[in-house]
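Okay, structure first, notes after.
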Amino acid sequence: MTLLKVNNLSIEFGGVRAIDDLSFTINSGTIHSIIGPNGAGKTTLFNLITGVYTPTSGTILYDDEGVTGFKSYELAARGMSRTFQNLQIFFNMTAIENVMVGAHLHLNRGFLASFFGLPSIKAGDRHCRETCLELLDFVGLKKYADIDTESMPYGALKRLEIARALASKPKILLLDEPAAGLNPAESREIDKVIKKVAERGITVVLVEHDMKMVMEISDHILVLDYGRKLTEGTALEVRNNPDVIAAYLGG
Amino acid sequence: MMMNLKSAKTGGILVLCAVIAILPAFLSNAFQYEIAILIGFNAIVCIGLNLLIGYGGQISLGHGAFVGLGAYGSAILTMNQGWDPLLSMVIAAIFTGILAFVIARPILKLKGHYLAMATLGMGIIISIVINTEDQLTGGPDGMYVDGLSFMATQIYWYWLVGALLVFSVWASLNLIHSPIGRALRAVHGSEVAAEVVGVDTTQYKVLIFVVSAVFASIVGSFGVYYSNFVTPDIAGFFHSIELVVMVVFGGMASTFGAVIGAAILTTLPQFLTFLHDYEHLVFGLILMLTMIFLPKGLVPSIAGLLKKGDK
Numbered sequence: 019m020t021l022l023k024v025n026n027l028s029i030e031f032g033g034v035r036a037i038d039d040l041s042f043t044i045n046s047g048t049i050h051s052i053i054g055p056n057g058a059g060k061t062t063l064f065n066l067i068t069g070v071y072t073p074t075s076g077t078i079l080y081d082d083e084g085v086t087g088f089k090s091y092e093l094a095a096r097g098m099s100r101t102f103q104n105l106q107i108f109f110n111m112t113a114i115e116n117v118m119v120g121a122h123l124h125l126n127r128g129f130l131a132s133f134f135g136l137p138s139i140k141a142g143d144r145h146c147r148e149t150c151l152e153l154l155d156f157v158g159l160k161k162y163a164d165i166d167t168e169s170m171p172y173g174a175l176k177r178l179e180i181a182r183a184l185a186s187k188p189k190i191l192l193l194d195e196p197a198a199g200l201n202p203a204e205s206r207e208i209d210k211v212i213k214k215v216a217e218r219g220i221t222v223v224l225v226e227h228d229m230k231m232v233m234e235i236s237d238h239i240l241v242l243d244y245g246r247k248l249t250e251g252t253a254l255e256v257r258n259n260p261d262v263i264a265a266y267l268g269g
Numbered sequence: 023m024m025m026n027l028k029s030a031k032t033g034g035i036l037v038l039c040a041v042i043a044i045l046p047a048f049l050s051n052a053f054q055y056e057i058a059i060l061i062g063f064n065a066i067v068c069i070g071l072n073l074l075i076g077y078g079g080q081i082s083l084g085h086g087a088f089v090g091l092g093a094y095g096s097a098i099l100t101m102n103q104g105w106d107p108l109l110s111m112v113i114a115a116i117f118t119g120i121l122a123f124v125i126a127r128p129i130l131k132l133k134g135h136y137l138a139m140a141t142l143g144m145g146i147i148i149s150i151v152i153n154t155e156d157q158l159t160g161g162p163d164g165m166y167v168d169g170l171s172f173m174a175t176q177i178y179w180y181w182l183v184g185a186l187l188v189f190s191v192w193a194s195l196n197l198i199h200s201p202i203g204r205a206l207r208a209v210h211g212s213e214v215a216a217e218v219v220g221v222d223t224t225q226y227k228v229l230i231f232v233v234s235a236v237f238a239s240i241v242g243s244f245g246v247y248y249s250n251f252v253t254p255d256i257a258g259f260f261h262s263i264e265l266v267v268m269v270v271f272g273g274m275a276s277t278f279g280a281v282i283g284a285a286i287l288t289t290l291p292q293f294l295t296f297l298h299d300y301e302h303l304v305f306g307l308i309l310m311l312t313m314i315f316l317p318k319g320l321v322p323s324i325a326g327l328l329k330k331g332d333k
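Line by line, the protein sequences give chains S and U.
Taking this note's numbering, I'd label the letters of the first sequence as residues 19 to 269.
Taking this note's numbering, I'd label the letters of the second sequence as residues 23 to 333.
Printed below as a string of structure tokens:
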């Protein structure tokens with residue numbers, strides 16, 4: 019079943035077409051990777067899908083609904099979440115609080131109830147804390163729960179972003195270079211987490227430079243170059259495509 | 023840790039209650055009570071302003087104007103229209119809230135220096151209106167206002183302001199430790215990350231701007247009933263700056279920091295009067311040195327030092 023459908027999507031920044039007439043679909047329940055050389059437009063594409071940028075032209079269909087130009091928080095309410103290539107942690111909060119922000123949409127957000135500290139708010143927070151602790155455990159960060167995020171290692175913060183995104187109960191999760199800057203051991207941890215996320219039935223869209231990881235876990239790979247689709251297919255198909263080899267090796 | 027948080031909150035409120043209860047034993051004259059009441063008023067405005075600046079990460083250099091709107095709203099409605107003072111206060115607060123709501127959206131789209139400039143401009147405009155509409159406001163000469171008939175003596179005011187302060191601290195802490203409060207801190211931490219998990223960042227910035235404006239307005243109203251007199255200075259630029267300095271000095275993103283910042287900066291000038299001409303110089307020096315050595319503000323810096331000592 020098609021979960022996300024991108025039609026003739028383009029965005030221009032001062033005359034430069036970062037994404038150029040791109041069309042592809044993502045089926046639900048798959049791990050879908052987007053690869054390409056630096057500057058190919060992978061992160062820009064993420065920003066377009068998740069509502070950070072508004073496309074110059076083209077449409078995005080998510081869950082049979084036209085969502086072109088929707089704001090990020092509107093998409094989050096429809097079950098779309100993401101992580102960031104450059105960490106976007108709430109450094110003014112502890113790890114568990116970061117994850118609890120992720121559960122924002124599923125909590126009572128009444129102003130007066132919060133202002134007067136009604137028991138319903140506190141009960142909701144207690145329950146939320148428990149489920150968020152489970153999520154921290156899920157990504158292997160339980161011991162950091164009440165630690166200030168400022169003093170957590172980089173690799174842990176990468177996983178914290180995944181836990182925070184999961185707390186919003188997404189149907190589709192976009193991971194922007196989750197293994198960037200990690201050592202091989204940490205990278206394998208992330209690898210495991212992504213597989214576990216997919217096992218939960220969440221559709222994963224992955225931008226990653228770690229080719230070993232991409233080839234191993236992806237059901238489908240989309241290759242971008244200069245904002246255009248170079249090719250797409252299974253890992254095997256992509257690996258043997260001469261255009262892909264040329265784009266990467268400059269042949 | 024959860025328990026710690028809870029006990030820190032209750033403990034802090036208990037200490038505050040104890041200080042308010044014991045303080046009269048050390049206050050020997052009307053002037054000292056005056057300062058204590060003034061501290062309470064400033065602290066409540068700072069608690070509201072701290073929600074905006076410290077937690078939400080949005081600067082406002084125009085909050086004096088909201089205090090002014092509350093004060094003049096109450097003054098005009100009671101004196102010119104003959105309305106009940108408490109009703110006037112509520113109407114003034116609603117009016118201030120609506121005005122804050124209307125200007126919040128365009129203003130809060132701006133960031134950093136631009137937001138500072140916009141709120142500064144807003145404050146100056148309101149201040150000019152109060153100064154020039156002299157038929158309504160008495161202009162630069164100010165305006166006399168009747169007090170609250172049931173607040174017979176200064177002692178009554180002391181307890182009323184004390185109760186309001188405790189309530190404000192309690193409500194502020196409730197708000198911070200709720201989904202709204204976390205969303206607000208998330209806006210400060212990373213707007214884009216908050217958005218992708220469903221936080222409508224604009225909505226929360228507007229909300230907290232309005233809440234802090236209403237805090238300021240209510241204090242303005244009580245202030246004018248207490249002192250029976252109001253001048254345009256209350257809405258002026260210097261008052262706005264004073265409030266921001268209290269918040270920053272006490273410690274951003276710390277409710278008790280806002281209270282302590284207000285307490286120290288309201289009292290300190292009184293202790294420095296013996297310096298005569300050098301008063302402002304020394305006052306500025308104390309501010310500078312505190313911010314250099316305790317850059318996070320008094321309360322968070324000291325709490326951080328204590329935490330380190332524990333380990």
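Where a beta carbon is used, it is the ideal one built from N, C-alpha and C, also for glycine.
These numbers come from a predicted model, not from an experiment.
| Asked | Found |
| --- | --- |
| Rounded to whole angstroms, what's the CA-CA distance from M24(U) to I57(U)? Just pull it up for me. | Model confidence at M24(U) stands at a pLDDT of 47, short of 50, so the residue's coordinates are unreliable; what they give is reported in the following sentence. Roughly 37 Å between the two C-alpha positions. |
| Is it buried or exposed, W179(U), if we count other Cβ atoms within 10 angstroms and call 16 or more buried? | buried |
| By Cβ distance, which residues of its chain are closer than 8 Å to P68(U), with the 5 residues on each side in sequence left out? | Position check: residue 68(U) holds Cys in this sequence, whereas Pro was assumed. Excluding sequence neighbours, C68(U) sits near L265, M268, V269, G272, A280, V281, G283 and A284. |
| Unbroken beta strand (DSSP E) runs of length 3 or more, entirely within the region 58–122 of chain S: which are they? | 75–80 and 98–100 |
| Following the continuous beta strand (DSSP E) through R177(S), name the residue where it begins and the one where it ends. | Counting along the chain, R177(S) falls outside any beta strand (DSSP E), though it belongs to the alpha helix (DSSP H) covering Y172 to A185. |
| Check whether the Cβ atoms of I179(S) and I235(S) sit closer than 8 Å, and answer yes or no. | Checking the sequence shown, residue 179(S) turns out to be Glu, not Ile. In this structure, I235(S) does not lie closer than 8 Å to E179(S) by Cβ. |
| Nearest to G142(S) by alpha carbon, out of L130(S), Y80(S) and N126(S)? | N126(S) |
| Between the beta-carbon of V167(U) and the beta-carbon of T118(U), is there less than 8 Å? | no |
| Taking V191(U) as part of the alpha helix (DSSP H), name the residues at either end of that continuous run. | Q176 to I198 |
| Among all the DSSP beta bridges, which residues are the ones paired with T4(U)? | The first residue shown for chain U is 23 and the last is 333, placing residue 4(U) beyond what the model contains. |
| For the 8 Å Cβ check, are there 3 or more pairs between the region 215–227 of chain S and the region 188–200 of chain S? | yes |
| Can you tell me whether G84(U) is helix, strand or coil according to DSSP? | coil |
| Quick check: the region 229–245 of chain U against the region 31–48 of chain U, are there 3 or more CB pairs under 8 Å? | no |
| Is N104(S) close to the ligand FMN? I mean its beta-carbon at under 7 Å from any heavy atom of the ligand. | This structure lacks the ligand FMN, and indeed carries no ligand of any kind. |
| Could you pull out every residue in the same chain whose Cβ sits closer than 8 Å to the Cβ of Y71(S), ignoring the five residues on either side in sequence? | I29, T62 and N65 |
| Please classify F102(S) as buried or exposed, where buried requires at least 16 other C-beta atoms within 10 Å of its C-beta. | buried |
| Using only the alpha-carbon positions, how far apart do A95(S) and L130(S) sit? | 23 Å |
| Suppose contacts are defined by Cβ-Cβ distances below 8 Å. Is M231(S) in contact with D209(S) by that definition? | yes |
| With a CB to CB cut of under 6 Å and the five nearest residues on each side skipped, what residues in its chain are close to G69(S)? | F88, K89, S90 and L93 |
| What does the Cβ neighbour count give for G84(S), buried or exposed, with the cut at 16 atoms within 10 Å? | exposed |
| Using a Cβ-Cβ cutoff of 8 Å, what residues of the region 214–231 of chain U are near chain S? List them in chain order. | V214, A215, A216, E217, V218, V219, G220, V221, D222, T223 and L229 |
| Please state whether DSSP places M24(U) in a helix, a strand or coil. | Its pLDDT being 47, under 50, M24(U) is placed unreliably by the model, and the measurement read from it follows with that caveat. Correct three-state label for M24(U): helix. |
| Which ranges does the alpha helix (DSSP H) cover as unbroken runs of at least 4 residues, wholly within the region 241–309 of chain U, from first to last along the chain? | 259–272 and 277–293 |
| Going by C-alpha to C-alpha distance, which of F172(U), S171(U) and N153(U) sits closest to D163(U)? | N153(U) |
| Please report the straight-line C-alpha distance between M111(U) and S96(U), rounded to a whole angstrom. | 5 Å |
| Taking only beta-carbon positions, decide if Q106(S) is within less than 8 Å of chain U. | yes |
| Could you check whether the Cβ of A285(U) sits closer than 8 Å to any Cβ belonging to chain S? | no |
| Does S239(U) come out as helix, strand or coil in the three-state DSSP assignment? | helix |
| Where does I75(U) land, buried or exposed, given buried means 16+ other C-beta within 10 angstroms? | buried |
| On the DSSP bridge list, what partners appear for N25(S)? | T77(S) |
| To which residues of the same chain is F251(U) closer than 8 Å at the C-beta, ignoring the five residues directly before and after it? | G164, M165, Y166 and V167 |
| For A205(U), return the contacting residues in chain S, with the cut-off set at a CB-CB distance below 9 Å. | V119, H122 and R127 |
| Say whether chain U places a C-beta atom closer than 8 Å to the C-beta of K89(S). | yes |
| Answer yes or no: does any C-beta atom of chain U fall closer than 8 Å to that of S99(S)? | yes |
| Quick one, which of N259(S), G251(S), G245(S) and V256(S) has its alpha-carbon nearest V34(S)'s? | G245(S) |
| Please name the residues in the region 59–88 of chain S whose beta-carbon is closer than 7 Å to at least one beta-carbon of chain U, in chain order. | T68 and V70 |
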